[in-house]
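K.L.:
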Amino acid sequence: MTTTEERVLLASDEPFVRRLCPHLREPYDGPPVRRIVTPAGDHAWLVSRYAEIKGLLRDDRLGRSHPDPGRKPQYAGNPTYDLATAADHGAGDKFHHDLRKVLQPHFAARHMLHLRPKVEELTAGLVEAFAARPRPADLHAGLSAPLTLLVICELLGVPVGEREQCAALVSRMGGVADEQGDGTAAFFGYLRDLAARKRAAPEDDVISRLVTGNDVTDEQVGEIAMLLLFAGIGSTVKQIDYGFLLLANDPAQRDAVAADPDLVPRAVEEMLRVSGSLSLPRYAREDIEIGGVTIGEDELVLLDLARANMDVDAFDCPAEFDVGRAPNRHLTFAHGAWACMGAPLARILMQVLFTRLLTRLPGLRPLVPAAEVATTDAPLGGGLTDELLVTWY
Ligand code: HEM
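Mapped onto the UniProt record's numbering, the consecutive letters of the sequence shown carry residue numbers 1 to 393.
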């Protein structure tokens, strides 16, 4: 079958306003697989239908690594984004397998339930402090970001007195200015030392359990902890900000959740479905026939999770933001061997925060209409450009 190559915007590249405004947030019924040119100018296959993406997430003919990393086709040509696919062939698979084996037990939904009271306590404290601020206040810097960091620090076992230092190290590492990797090295050094301290005096936290229950070095635990903070913070903060805007943009849906707190878990899933915007890069390890095309060995494949979440064959009226939607089998946390390990934690965090905000600050709203809030469409999935100013009565 002949295919035409096009320069398309991934759903995650489109301005967030498209996803906020129902008439711009489009249901997807287009082709399952398209040949595209990426922003880096390389060729790739874009997979956009739910069934095909779910199948490929379970298919071990796709992987993160390329046999010749220096010549691999790239999505963005951005070193941070390409980290996702940087691992060596073979070594990358082993690292991934070992990582899941070591971490999975600590992230099981059952284990996360024990953390819930602590998340409630941290959330209540931060929301109270936020409510005492002068209006307008920045929800992003004052609530979404610090709460996410605090909860992940709690899980890992970062001592209370060191959390500000940890926050500073995270932002230094995440900064675009960290080209020399100084911020990354400083953060890694801190986490490796923390692992050594936990080895000497273990407590009830993930780092302690990793160093005492596995045959791993302090360096390896430092790397794992860094990965968790890096994977967990940006994505969760963005989903909180966008979730808040989605509710603010739709007063009827917002009122429905406010009137029935039991709806919060479903509302959170719907926020995740509608604003989840990652597109996962993978490489084919052999030829794959799918959707009427043949993806060639070593070719770049982009799994467009955002469009899968808008697939007309997978969701009724996908363009509608419906806080009561059930079932809601969105792919925002990916699936199968790649499924996000932090999903149970992110879910608890969002459920607790939105429950608290709806009761403690029922009049909370963005300072400008939700659809006008500036966002960035960075290749890592975008987010708010700067701040999320809100006010309340
Ligand atoms: C709403 C927030 C979040 C979203 C939307 C999200 C989404 C994702 C997605 C789509 C993946 C798959 C990436 C890929 O296969 O290339 C992933 C992987 C991962 N996430 Fe999350 N994530 C979130 C929060 C978290 C949190 C809070 C943590 C931990 C503290 C976390 C830890 C991880 C880890 C360790 C992986 C790697 C799994 C693997 O390689 O098998 N995530 N996440």
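Think of the CB as a built atom: it goes at the ideal place given N, C-alpha and C, for glycine as much as any other residue.
No experiment lies behind these values; they were computed from the predicted model shown.
Which same chain residues end up closer than 8 Å to Leu169 when comparing Cβ atoms and leaving out the 5 residues on each side of it in sequence?
P.N.:
Taking the sequence shown and counting its residues from 1, the one referred to as residue 169 is at position 169. The answer, listed in chain order, is Gly183, Ala186, Phe187 and Tyr190.
K.L.:
With three or more beta-carbon pairs closer than 8 Å as the criterion, would you say the stretch 279-292 touches the stretch 357-370?
P.N.:
Segments in contact, no.
K.L.:
Could you tell me the boundaries of the alpha helix (DSSP H) in which Thr123 lies?
P.N.:
For the purposes of this step, residue 123 is identified with residue 123 of the sequence shown, where counting begins at 1. Ala109 to Ala131 is the extent of the alpha helix (DSSP H) around Thr123.
K.L.:
Please work out which residues of its chain come closer than 8 Å, Cβ to Cβ, to Glu121, disregarding the five sequence neighbours upstream and downstream, and give them in chain order.
P.N.:
Your numbering for residue 121 matches position 121 in the sequence shown. Cβ within range, chain order: n/a, list empty.
K.L.:
Nearest-angstrom Cα distance between Ala326 and Pro261?
P.N.:
Here residue 326 corresponds to residue number 326 of the sequence shown, with the count starting at 1. Here residue 261 corresponds to residue number 261 of the sequence shown, with the count starting at 1. Roughly 16 Å separates the two Cα atoms.
K.L.:
Do Leu46 and Ile36 have their CB atoms nearer than 8 Å?
P.N.:
Translated into the one-based positions of the sequence shown, residue 46 becomes position 46. Translated into the one-based positions of the sequence shown, residue 36 becomes position 36. Their beta carbons are under 8 Å apart, which means Leu46 touches Ile36 by this criterion.
K.L.:
Buried or exposed: where does Tyr393 fall if 16 or more other Cβ atoms within 10 Å of its Cβ makes it buried?
P.N.:
On the sequence shown, position 393 is the one that residue 393 refers to. Result: exposed.
K.L.:
Can you grab the Cα-Cα spacing for the pair Gly142 / Gly222, in whole Å?
P.N.:
Position 142 of the sequence shown, counted from the start, is the residue given in the question as residue 142. Position 222 of the sequence shown, counted from the start, is the residue given in the question as residue 222. Computed Cα separation, rounded: 28 Å.
K.L.:
Could you give the residue range of the alpha helix (DSSP H) that holds Tyr242?
P.N.:
On the sequence shown, residue 242 is found 242 positions in, with the first residue counted as 1. Note, Tyr242: alpha helix (DSSP H), Asp218 to Asn249.
K.L.:
Spell out a yes or no on whether the stretch 304-313 and the stretch 267-286 are touching, meaning 3 or more CB-CB pairs, one atom from each, closer than 8 Å.
P.N.:
Short answer: they touch.
K.L.:
Do the CB positions of Ile233 and Thr148 come within less than 8 Å of each other?
P.N.:
Here residue 233 is taken as the residue at index 233 of the sequence shown, counted from 1. Here residue 148 is taken as the residue at index 148 of the sequence shown, counted from 1. The answer is yes: Cβ separation under 8 Å.
K.L.:
Go to Tyr75, then tell me how far its beta strand (DSSP E) extends in each direction, as first and last residue.
P.N.:
By 1-based counting over the sequence shown, the position of residue 75 is 75. Counting along the chain, Tyr75 falls outside any beta strand (DSSP E), and DSSP gives it neither H nor E.
K.L.:
How many angstroms separate the CA atom of Thr236 from the CA atom of Ala346?
P.N.:
Position 236 of the sequence shown, counted from the start, is the residue given in the question as residue 236. Position 346 of the sequence shown, counted from the start, is the residue given in the question as residue 346. Each residue's Cα considered, the two are about 6 Å apart.
K.L.:
If you check the beta carbons only, do residue 400 and Lys118 fall under 8 Å apart?
P.N.:
Because residue 400 is not part of the residues shown, which for the chain are 1 to 393, the question remains open.
K.L.:
Which value, in whole angstroms, describes the spacing of the CA atoms of His114 and Ile290?
P.N.:
Residue mapping note: residue 114 aligns to position 114 of the sequence shown, counting from 1. Residue mapping note: residue 290 aligns to position 290 of the sequence shown, counting from 1. Spanning the two alpha carbons is a distance of roughly 42 Å.
K.L.:
Evaluate Gly30 with the Cβ neighbour count: other Cβ atoms within 10 Å of its Cβ, from every protein chain shown; 16 or more gives buried, anything less gives exposed.
P.N.:
Locating residue 30 in the sequence shown gives position 30, where the first residue counts as 1. By the 10 Å Cβ count, Gly30 comes out exposed.
K.L.:
Given 7 Å as the limit, tell me if Arg165 has its C-beta closer than that to any heavy atom belonging to the ligand HEM.
P.N.:
Working through the sequence shown from its first residue, we reach residue 165 at position 165. Sequence inspection shows Gln at residue 165; the Arg mentioned does not correspond to that position. Answer for Gln165: no, Cβ out of range of the ligand HEM.
K.L.:
Can you give the Cα-Cα distance for Val160 and Cys166, rounded to whole angstroms?
P.N.:
Locating residue 160 in the sequence shown gives position 160, counting from the first residue. Locating residue 166 in the sequence shown gives position 166, counting from the first residue. Going by the C-alpha atoms only, they are around 10 Å apart.
K.L.:
Mind pulling the beta strand (DSSP E) runs of 3 or more residues that sit fully within the stretch 284-368?
P.N.:
DSSP runs (the beta strand (DSSP E)) wholly in the stretch 284-368: 288-290, 293-295 and 300-304.
K.L.:
Rounded to whole angstroms, how far is the Cβ of His335 from the Cβ of Arg58, which I believe are closer than 8 Å?
P.N.:
Locating residue 335 in the sequence shown gives position 335, counting from the first residue. Locating residue 58 in the sequence shown gives position 58, counting from the first residue. That pair is a contact at about 7 Å.
K.L.:
Span of the beta strand (DSSP E) holding Arg35?
P.N.:
Along the sequence shown, read from residue 1 onward, the residue named residue 35 stands at position 35. It spans Val33 to Val37 - the beta strand (DSSP E) in which Arg35 sits, taken as one unbroken run.
K.L.:
Is Ile36 close to the ligand HEM? I mean its beta-carbon at under 7 Å from any heavy atom of the ligand.
P.N.:
Walking along the sequence shown from the start, residue 36 turns up at place 36. Flag unset: Cβ of Ile36 not near the ligand HEM.
K.L.:
Can you find a heavy atom of the ligand HEM that lies under 7 Å from the Cβ of Gly161?
P.N.:
If you number the sequence shown from 1, residue 161 lands on position 161. Not so, every heavy atom of the ligand HEM lies at least 7 Å from the Cβ.
K.L.:
Can you list, in chain order, the residues of its chain with a C-beta nearer than 6 Å to that of Val352? Leave out the 5 residues immediately preceding and following it.
P.N.:
As a position in the sequence shown, residue 352 is number 352, starting the count at 1. So the qualifying residues of the chain are Val119, Glu120 and Thr123.
K.L.:
My output table needs one value for Gly30: the three-state DSSP class, helix, strand or coil.
P.N.:
On the sequence shown, residue 30 is found 30 positions in, with the first residue counted as 1. Gly30: coil per DSSP, three-state reduction.
K.L.:
Tell me the residue span of the beta strand (DSSP E) that contains Ala195.
P.N.:
Counted from its first residue, the sequence shown places residue 195 at position 195. First-last for Ala195: Asp182 to Ala200, but that is the alpha helix (DSSP H), not the beta strand (DSSP E).
K.L.:
How should Lys238 be labelled, buried or exposed, when 16 other C-beta atoms within 10 angstroms of its C-beta is the threshold for buried?
P.N.:
Along the sequence shown, read from residue 1 onward, the residue named residue 238 stands at position 238. Classification of Lys238: buried, given that the 10 Å Cβ count is 16 or more.
K.L.:
Is Cys153 near the ligand HEM, in the sense that its beta carbon is under 7 Å from a heavy atom of that ligand?
P.N.:
Locating residue 153 in the sequence shown gives position 153, counting from the first residue. Outside the cutoff, so no.
K.L.:
If you draw a straight line from the alpha carbon of Pro136 to that of Phe315, how long is it in whole angstroms?
P.N.:
The sequence position of residue 136 within the sequence shown is 136, counting from 1. The sequence position of residue 315 within the sequence shown is 315, counting from 1. If you take the alpha carbons of Pro136 and Phe315, they lie about 37 Å apart.
K.L.:
Does the beta-carbon of Leu272, which I'm using as the reference point, lie nearer than 7 Å to any heavy atom of the ligand GDP?
P.N.:
As far as ligands go, the structure on display features the ligand HEM and does not contain the ligand GDP.
K.L.:
Let me know the secondary structure DSSP gives His43 once reduced to three states.
P.N.:
On the sequence shown, residue 43 is found 43 positions in, with the first residue counted as 1. In this structure, His43 counts as strand in the three-state DSSP scheme.
K.L.:
With three or more C-beta pairs closer than 8 Å as the rule, is the stretch 194-202 touching the stretch 243-260?
P.N.:
The stretch 243-260 vs the stretch 194-202: no contact.
K.L.:
Kindly indicate the opening and closing residues of the beta strand (DSSP E) around Leu272.
P.N.:
Counting from one through the sequence shown, the residue named residue 272 turns up at place 272. Per DSSP, Leu272 belongs to no beta strand (DSSP E); it is in the alpha helix (DSSP H), Val264 to Ser275.
K.L.:
Would you please state the rounded distance, in angstroms, between the beta carbons of Gly92 and Arg61? I believe it to be under 8 Å.
P.N.:
Within the sequence shown, the letter at position 92 stands for residue 92. Within the sequence shown, the letter at position 61 stands for residue 61. About 15 Å; that fails the 8 Å criterion.
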